[in-house]
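Chemist: Residue numbers (my numbering): 46 to 234. Note that the Cβ used here is the ideal one computed from N, Cα and C, for glycine as well. For reference, the structure I am asking about is given below.
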Amino acid sequence: VDMRTLVHDVPPQDVISRDNVSVKVNAVIYYRVVDAVRAVVQVENYMAATSQLAQTTLRSVLGKHELDEMLQERDKLNKDVQEILDSQTEAWGIKVSNVEIKHVDVAPEMIRAIAKQAEAERERRAKIISAEGEQQAATKLAEAASILATSAGAMDLRYLNALQEIATDRTNTIVFPFSLRDIADQFRR
């Protein structure tokens, strides 16, 4: 029995994540025989048994997580799989020292679906931001209208500002009408 650390590639496993995304995951495990007698007596073929256990454990652990977690928390998942494998192979005289998830491959159609979902989420956020901006603008316009309605001088100032803006274009002819206040005063008399 070889007592050195052995490296075993776990073949790609089909995993369905907690958020129902189908992925293919493969990993590599590092293990060694620490008790040759148990490795021979307790299990028929410790290499095949360790490989099969690694495959089922990988599917089981990763199936409890969402795709984002699989992609972002790989170190934690490696540790979880390693601890489970190590505790279960201990009876066989095997020490699993490390597990490394190599690839988490998402099917191309799922990548497109995820991209569409992300785009829809960005559009939703943009609409919310736009609506909030419109609401703030409407509030400010209402405040400005209230101020202009209660202050005659403010309305005259606004009138002069509008004339100044019109006057910046030299091609326009400006006709100065009576101010609205003067017209209103004429009707009151």
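Would you give the residue range spanned by the alpha helix (DSSP H) that residue 86 belongs to?
Modeler: 81-86
Chemist: What are the residues that DSSP puts in a beta bridge with residue 145?
Modeler: 73
Chemist: Here's a check: name, in chain order, each residue in its chain whose Cβ is nearer than 8 Å to the Cβ of residue 176, leaving out the five neighbours to either side.
Modeler: none
Chemist: How long is the line joining the alpha carbons of residue 71 and residue 112, rounded to whole angstroms?
Modeler: Cα to Cα, the separation comes out at about 15 Å.
Chemist: What does DSSP give as the partner residue(s) for residue 60 in the beta ladder?
Modeler: 68
Chemist: Going by C-alpha distance, which of 218, 104 and 78 is nearest residue 141?
Modeler: 78
Chemist: Measuring alpha carbon to alpha carbon, tell me which of 149, 102, 150 and 152 ends up nearest residue 130.
Modeler: 102
Chemist: Could you give the distance in angstroms between the alpha-carbon of residue 100 and the alpha-carbon of residue 173?
Modeler: Spanning the two alpha carbons is a distance of roughly 45 Å.
Chemist: Mind checking residue 190: buried by the 16 CB within 10 Å criterion, or exposed?
Modeler: exposed
Chemist: Please determine if the stretch 82-99 and the stretch 131-140 are in contact, where contact requires at least 3 C-beta pairs separated by less than 8 Å.
Modeler: Yes: at least three Cβ pairs fall under 8 Å.
Chemist: Kindly examine the ligand HEM and report whether one of its heavy atoms sits closer than 7 Å to the Cβ of residue 93.
Modeler: You won't find the ligand HEM in this model; it holds no ligand whatsoever.
Chemist: Residues in its own chain within less than 6 Å of residue 200 by CB, not counting five upstream and five downstream?
Modeler: Same-chain partners within the cutoff: 193.
Chemist: Using alpha carbons as the reference points, say which of 160, 165 and 123 lies closest to residue 147.
Modeler: For the options 160, 165 and 123, the alpha carbon positioned closest to that of residue 147 is the one of 123.
Chemist: Evaluate residue 86 with the Cβ neighbour count: other Cβ atoms within 10 Å of its Cβ, from every protein chain shown; 16 or more gives buried, anything less gives exposed.
Modeler: exposed
Chemist: Of all the options 53, 94 and 58, which has the alpha carbon lying nearest to the alpha carbon of residue 74?
Modeler: 53
Chemist: Give the secondary structure of residue 124 by DSSP, where H, G and I count as helix, E and B as strand, and everything else as coil.
Modeler: helix
Chemist: Does residue 47 come out as helix, strand or coil in the three-state DSSP assignment?
Modeler: coil
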